[in-house]
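Residue numbers (our numbering): 1 to 80.
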């Protein structure tokens with residue numbers, strides 16, 4: 001069973017009945033109800049990825065340091 005529009009889909013099945021569907025070329029997907037209970041907070045994910053980064057120690061960073069101000073992405077976090 002595939003997309004209700006007969007699009008080609010790649011369905012990867014995992015243990016526990018979970019599956020990942022990719023390759024859909026339309027907005028319909030597989031035609032199942034969306035899971036509205038678990039909507040990930042992508043801002044929180046990005047914040048954790050950026051601010052939990054641990055730099056290399058000085059002896060392992062043989063090529064030096066590059067500093068990138070975190071404030072450059074600030075515009076994404078606030079609605080204007």
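Glycine included, each C-beta is placed from N, C-alpha and C at the ideal position. A quick note: this is a predicted structure, and the numbers were derived from the prediction, not measured.
Thinking C-alpha only, which one of the options is nearest residue i?
i	options	result
residue 65	57, 17, 51	57
residue 68	60, 53, 59	53
residue 10	19, 23, 17	23
residue 46	70, 37, 60, 6	70
What are the partner residues of residue i, as DSSP defines its beta bridges?
i	result
residue 13	19
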